[in-house]
Amino acid sequence: MLEKKIEQTIKKYKMLAPGDRVLIAVSGGVDSVVLFRTLCELAKDWDFKLAVAHLDHQMRMDSHKDAEFVSKLAKELGVPVFVKAVDVPQLIKKMKRSPEEVAREARYAFLKEAARKFKANPIALGHHLNDRVETFLLNLLRGSGLQGLAGMPPVRSQAALRFIRPLIDCTRDEIEELAHSGKWKYRNDPSNQKSIYTRNRVRQELLPVIMGFNPNALETIARASETLHKANRFVDQIASEFLEKVLLSQNKNEIALDREMLRSHDEFLLESVLREAIRRVKGNVHGIESAHIERALHELDKKSSGSWIPLGSGLFIAFESSRIVITTSEPSTKRTKSFCFELSLGGNLVSSAIGWHFEVEVLAGRRTRVADCWEALFDFDKIKHPLVVRNRRRGDRVRTLGLKGEKKIQDILVDAKIPRGNRDLIPIICDSDGILWVVGLRMSERARVTAKTRKIMRIRAIPREQE
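For what it's worth, the numbering used here labels the leading residue of the sequence shown as -5, then goes sequentially.
Below you can see the structure in the form of C-alpha cells.
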C-alpha cells in the first residue's frame, strides 16, 4: 500500500515528528495532491499540523485555475492555505536572467514567506522517484560533478528551513494509480507533455530506452544517486573544515583564500572547497558549472599572479601571488580602451593590452563539439578573412546559434550578468562579414559547422595576466 510506503520513507529519513507544523507546497498536479491527501491521513496518527502554500506563477494563461483548485481542495480538507500570484514572466524580463533561476528564486521566496506566515517548518515537496532519476540523468548529460549527480536528496536544509520529499521512494505510476483508485481530482500541466523541454525528452525518450535494458532502472539509478549523495555529504563536511583553515578574509561581496594551501591539496577536494566558498558569497551555487570550477583549478595551479576569470552568475575569481579572491566586484578598476588585433592562422596572439591568449588552427574531419566555453569551431570556408579580435562597439549585433533574429551584444553581456565595468574587457572575434564569437558566451550562426563542412577552424581563448 502506497500510504504505508510513504510513511516508511518519512520514518527512514526522520522527516517529521509529533508536534511539527508542516507546510505543503501544492501545485495542483497529481504528485502534490497525493502528497497533500496522504499527509492529511498521517497527521491524524502522527499529531502534526498542516498548512498549504500555492504560488500562481502566471506562466500559463489558465494558471489561476490551479490556484482556485488548490484553494477549494484545502477548504474541503480543512487545512489553511496561502495563495499568492507572482508575475514570473515579468520578473524574467526585468531581471534578465535565466527563466529557471528566476522561477526557482520566486518559489523559494514565496515558500519562505508562507512558512513564516504559518510558523511552519519543514516544507513538504512533491518530488518522487522518477523526478530524482530524471534529475540524475539531466545532470549526467550536462557533465555535472559529484554534487550534481547526488541529485535530489530526501531531506535538504537551506538557511533555517528544512525541505522534505515524502514521495521520493514512490514512482510516478504508483502515485497516479493511488490518485485514480481514490478518484482524487487534480490539475494537468500541458507543458509536461512538450518534448521541447529537455527534462520531458529524458522522461519520454531516454528513460524508456534505459528501462528496456533494465526494468528496475528507476530503483537502481536512485540507489546510485543516494550513494553519491552520502559521498557528497561526506566530502562537503571535509571541504567545510578545510575551508576554515585556508580562509583569510570574508565579507558579503568576496572571500579570500590562501593560494599555497589550496595548491597543496587534491583537486577533488578543492572542487568542493571552491563551491562552498562560492556559496558563502552568492548564497547558492546555481549557474556555476563544472567547466567554471575546472578552469579555476587550472589557473590556481599556475605560478602567475594578477589573472582573473569569470565564474558566471556575476562572480569572478582573481588569482594573486599568495591568495585567490572570489568576488562580485570588478576584477580591474582600470578603464579599458578600445582594442583591435589581427589573428593569424597557424599562430597565436598574446596581448598584455587585453589579457588574453588566442590559439587559431585549421582541422580536418567532422568534429562538432567544443571542449568548453573557451573554445569555438567554425566552417573555415565560410570565414571572410582577415580575422580580428576586438572589444564591443556601439550597435554590435549577432545572430547566435539557435536564435532566429539578431541580438545586441549589450543584451548578451547583460544576460550573462557581466558587470558594467567589465563589459569592455570581453573579447569579440570577427571576420570581414561581422561577429563570429563573443568569447565564452555566444557563437554566431553564420559560420557554424555542418555536415557539409570540409575544414574546421578552431579558436581557443585563454585568459592571461591582467596588467
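Just so you know, even glycine gets a beta-carbon here, dropped at the ideal spot from N, CA and C.
No experiment lies behind these values; they were computed from the predicted model shown.
>> Which residue marks the beginning of the alpha helix (DSSP H) containing A211, and which one marks its end?
In response: One-based indexing of the sequence shown puts residue 211 at position 217. Its alpha helix (DSSP H) spans residues 211 to 240.
> Quick one: Cα of T444 to Cα of L140, how far?
Replying inline: The sequence position of residue 444 within the sequence shown is 450, counting from 1. The sequence position of residue 140 within the sequence shown is 146, counting from 1. C-alpha separation (whole angstroms): 34 Å.
> So, helix, strand or coil for I169, using DSSP?
Replying inline: Working through the sequence shown from its first residue, we reach residue 169 at position 175. Three-state DSSP puts I169 in a helix.
>> Taking only three categories from DSSP, how would you classify S151?
In response: Stepping through the sequence shown from its first residue, residue 151 is reached at position 157. Of the three classes helix, strand and coil, the one that applies to S151 here is strand, per DSSP.
> For F313, is the classification buried or exposed, using 16 other Cβ atoms within 10 angstroms of its Cβ as the cut-off for buried?
Replying inline: Counting from 1 along the sequence shown, the entry for residue 313 is found at position 319. It is buried - the Cβ of F313 has at least 16 other Cβ atoms within 10 Å.
>> Mapping the DSSP letters down to three states, classify A114 as helix, strand or coil.
In response: The residue labelled residue 114 in the question sits at position 120 within the sequence shown. In the structure shown, A114 sits in coil (DSSP, three-state: anything other than H, G, I, E or B).
> Would you report the Cα separation of K449 and A365, rounded to the nearest angstrom?
Replying inline: As a first step, residue 449 is located in the sequence shown; it is residue number 455 there, counting from the start. As a first step, residue 365 is located in the sequence shown; it is residue number 371 there, counting from the start. Taking the straight line joining both Cα atoms gives about 18 Å.
> Do you know offhand how far S189's Cα is from E(-3)'s?
Replying inline: Position 195 of the sequence shown, counting from 1, holds the residue named residue 189. Position 3 of the sequence shown, counting from 1, holds the residue named residue -3. Unreliable placement is indicated for S189, whose pLDDT of 46 sits below 50; the coordinate value is still reported in the next sentence. So the two alpha carbons sit approximately 32 Å from each other.
>> Taking only three categories from DSSP, how would you classify P457?
In response: In the sequence shown, counting from the first residue as 1, residue 457 sits at position 463. Here P457 sits in strand by DSSP.
> Just curious, the beta strand (DSSP E) that I162 is in, first and last residue?
Replying inline: Counting from one through the sequence shown, the residue named residue 162 turns up at place 168. Run containing I162: none; DSSP gives neither H nor E here.
>> Pop quiz: V309 and T322 are said to be a contact at Cβ under 8 Å. What is the actual Cβ separation, rounded to whole angstroms?
In response: On the sequence shown, residue 309 is found 315 positions in, with the first residue counted as 1. On the sequence shown, residue 322 is found 328 positions in, with the first residue counted as 1. Checking the sequence shown, residue 309 turns out to be Leu, not Val. About 6 Å separates the two Cβ atoms, so the contact holds.
>> Going by DSSP, what residue range makes up the beta strand (DSSP E) through C334?
In response: Within the sequence shown, the letter at position 340 stands for residue 334. Taken as a continuous stretch (DSSP letters only), the beta strand (DSSP E) holding C334 covers 334 to 337.
> Tell me, which residues are paired with K78 by DSSP?
Replying inline: Start at 1 with the first residue of the sequence shown, and residue 78 comes out as number 84. K78 is bridged to L49.
>> Quick check: what's the CA-CA separation for K111 versus D14?
In response: In the sequence shown, residue 111 corresponds to position 117, counting from 1. In the sequence shown, residue 14 corresponds to position 20, counting from 1. So the two alpha carbons sit approximately 15 Å from each other.
> Just curious, the beta strand (DSSP E) that S301 is in, first and last residue?
Replying inline: Here residue 301 is taken as the residue at index 307 of the sequence shown, counted from 1. Start and end: 301 to 306.
> Under a Cβ-count criterion, where at least 16 other Cβ atoms within 10 Å of its own Cβ denotes burial, should M89 be classed as buried or exposed?
Replying inline: In the sequence shown, the residue the question calls residue 89 occupies position 95. It counts as exposed.
>> Please list the terminal residues of the continuous beta strand (DSSP E) segment that includes A441.
In response: For the purposes of this step, residue 441 is taken as the residue at position 447 of the sequence shown. It is not in any beta strand (DSSP E) - A441 carries neither H nor E in the DSSP assignment.
> So, V468 versus V64, is the Cβ gap smaller than 8 Å?
Replying inline: Missing from the structure shown is residue 468; the chain here goes from -5 to 461 and no further.
>> In the DSSP output, which residue or residues are listed as bridge partners for V24?
In response: Your numbering for residue 24 matches position 30 in the sequence shown. Paired residues: none, contrary to the question.
> Relative to the alpha-carbon of I420, which residue among S426, M55, D427, Q404 has its alpha-carbon at the smallest distance?
Replying inline: Position 426 of the sequence shown holds residue 420. When only C-alpha atoms are compared, the closest one is Q404.
>> Since V20 and E170 should fall inside the 8 Å C-beta cutoff, what is the C-beta to C-beta distance between them, to a whole number of angstroms?
In response: For the purposes of this step, residue 20 is identified with residue 26 of the sequence shown, where counting begins at 1. For the purposes of this step, residue 170 is identified with residue 176 of the sequence shown, where counting begins at 1. Not a contact, Cβ separation roughly 17 Å.
>> Tell me the DSSP secondary structure of W368 in three-state form.
In response: Locating residue 368 in the sequence shown gives position 374, where the first residue counts as 1. Note: W368 maps to coil in three-state DSSP.
> With 16 other CB atoms within 10 Å as the buried threshold, where does M437 fall?
Replying inline: Working through the sequence shown from its first residue, we reach residue 437 at position 443. So M437 ends up on the buried side.
> Do the stretch 418 to 433 and the stretch 377 to 394 meet, that is, are 3 or more Cβ pairs less than 8 Å apart?
Replying inline: yes
>> Please tell me whether V462 and F335 are closer than 8 Å, where the distance is taken between their beta carbons.
In response: Missing from the structure shown is residue 462; the chain here goes from -5 to 461 and no further.
> Any contact of the stretch 270 to 283 with the stretch 237 to 247, i.e. 3+ C-beta pairs under 8 Å?
Replying inline: yes
> So, using beta-carbon positions, are L123 and L29 closer together than 8 Å?
Replying inline: Taking the sequence shown and counting its residues from 1, the one referred to as residue 123 is at position 129. Taking the sequence shown and counting its residues from 1, the one referred to as residue 29 is at position 35. No; because the gap between Cβ atoms is not below 8 Å, this pair is not in contact.
> Just curious, the beta strand (DSSP E) that V319 is in, first and last residue?
Replying inline: In the sequence shown, the residue the question calls residue 319 occupies position 325. 317 to 321 is the extent of the beta strand (DSSP E) around V319.
> Between G281, R159, R150, which lies nearest to N226 when the distance is taken from Cα to Cα?
Replying inline: Taking the sequence shown and counting its residues from 1, one reaches residue 226 at position 232. Of the candidates G281, R159, R150, the one whose C-alpha sits nearest the C-alpha of N226 is R150.
> Going by beta carbon distance, what residues of the same chain come within less than 8 Å of E248, once the five residues before and after it are set aside?
Replying inline: The sequence position of residue 248 within the sequence shown is 254, counting from 1. Closer than 8 Å at the Cβ level, and outside the excluded window around E248, lie V275, V319, I320, T321, T322, S323.
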